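Asker: Per numbering that gives the first Met the number 0, the very first residue in the sequence shown carries number 0; after that it's consecutive. Handing you a structure now.
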Amino acid sequence: MADHAPHASNATRAGTDLSDALDIGRLLFAAECRFVHAAQRLDDLPSATGPEVAFAGRSNVGKSSLLNALTGRRSLARVSGAPGRTRQLNFFDLSGRLTLVDMPGYGYAHAGKAVKRDWQELMFDYLRGRPTLRRVLLLLDARIEVKAVDTAVMELLDRAAVTFQLVLTKADAVKPEALALKLDEAAAFARSHPAAYPDIVVTSSETGAGIAELRTAIAELAE
Ligand code: GTP
Ligand code: MG
Numbered sequence: 000m001a002d003h004a005p006h007a008s009n010a011t012r013a014g015t016d017l018s019d020a021l022d023i024g025r026l027l028f029a030a031e032c033r034f035v036h037a038a039q040r041l042d043d044l045p046s047a048t049g050p051e052v053a054f055a056g057r058s059n060v061g062k063s064s065l066l067n068a069l070t071g072r073r074s075l076a077r078v079s080g081a082p083g084r085t086r087q088l089n090f091f092d093l094s095g096r097l098t099l100v101d102m103p104g105y106g107y108a109h110a111g112k113a114v115k116r117d118w119q120e121l122m123f124d125y126l127r128g129r130p131t132l133r134r135v136l137l138l139l140d141a142r143i144e145v146k147a148v149d150t151a152v153m154e155l156l157d158r159a160a161v162t163f164q165l166v167l168t169k170a171d172a173v174k175p176e177a178l179a180l181k182l183d184e185a186a187a188f189a190r191s192h193p194a195a196y197p198d199i200v201v202t203s204s205e206t207g208a209g210i211a212e213l214r215t216a217i218a219e220l221a222e
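Below is the structure:
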């Protein structure tokens, strides 16, 4: 019996730490979140002050939806069934402690060439050169295979030494076995990229799965 006592108390402590951490995430995201700026060009970015977390990923992966799910606001960021909805870098202030940046998607085949070049250059320039960018959440759709353009972005972030965290989206839309394989695949990508954060978060903006966990991961970066 005496043998078990330390384990029990450790487990209780670990449980308390976890619930404290989840509380920190919940409290940060319960605070006011407001849209502050939409940048169409690099010389139009808001001044770099506090820490920033950017949401990046292919068109339609669910960046804007995830931002809405995290903040518990239905229409803070604009969501669309048609890819290419978000065309600027949208900056949101989370109670003065953190800036969230909703980015245009990359890899959108049907955008005009010039438009595509403009969005993508803006996005890549921002990712490479923003001194206050603390982490990029790089979203991967759990239903779709990882594409060359995704790995190209991972390599760009490696070169720029910008930490990125892989986030699987739309977990509600795949069966558990397929999701487990997707998670293994993402973990392998994380291991092979020096700038990748090791923990992957599996999310659904529809069911709320993984949202509390992701809030906590983001809250660790807030001021
Ligand atoms: P762009 O701004 O065009 O790059 O797209 P985005 O990455 O911001 O995606 P957005 O949030 O606009 O969502 C694209 C589509 O995916 C919409 O039809 C959403 O309703 C759908 N979607 C987003 N998240 C989820 C999810 O967790 N589960 C399911 N089933 N659908 C989702
Ligand atoms: Mg969007």
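C-beta atoms are modelled at their ideal positions from N, C-alpha and C, and glycine is treated no differently. As the structure is a prediction and not an experimental result, all values here were calculated from the model.
(1) Which residues does DSSP list as the beta-bridge partners of Asn89?
(2) Cβ of Asn89 versus every heavy atom of the ligand GTP: is any distance shorter than 7 Å?
(3) Is it right to say Ala30 is buried, meaning 16 or more other beta carbons lie within 10 angstroms of its own, or is it exposed?
(4) Counting pairs of Cβ atoms below 8 Å between the segment 163–175 and the segment 192–212, do you hit three or more?
(5) Where does the unbroken alpha helix (DSSP H) through Arg158 begin, and where does it stop?
(6) Any heavy atom of the ligand GTP inside 7 Å of the beta-carbon of Val78?
(7) Out of Glu154, Ala141, Leu213, Ser18, state which residue places its alpha-carbon closest to the alpha-carbon of Ala185.
(8) Counting Cβ pairs closer than 8 Å, one from the segment 201–212 and one from the segment 166–177, do we hit at least three?
(9) Taking contact to mean at least 3 C-beta pairs separated by less than 8 Å, is the segment 206–220 in contact with the segment 118–132?
(10) Counting only the same chain and skipping the five closest in sequence on each side, list residues whose C-beta sits under 8 Å from that of Val148.
(11) Going by DSSP, what residue range makes up the alpha helix (DSSP H) through Leu44?
(12) Could you give the distance in angstroms between the alpha-carbon of Lys223 and the alpha-carbon of Pro103?
(13) Taking DSSP as the reference, what is the three-state secondary structure of Thr70?
Answerer: In terms of the structure at hand:
(1) Ala37, Asp101
(2) no
(3) exposed
(4) yes
(5) It spans 147–159 - the alpha helix (DSSP H) in which Arg158 sits, taken as one unbroken run.
(6) Result yes, Cβ under 7 Å from the ligand GTP.
(7) Ala141
(8) yes
(9) no
(10) Result list for Val148: Arg57, Tyr105, Gly106, in chain order.
(11) First-last for Leu44: undefined, no H or E at that position.
(12) Not covered by the structure: residue 223. The range shown for the chain is 0 to 222.
(13) Three-state DSSP puts Thr70 in a helix.
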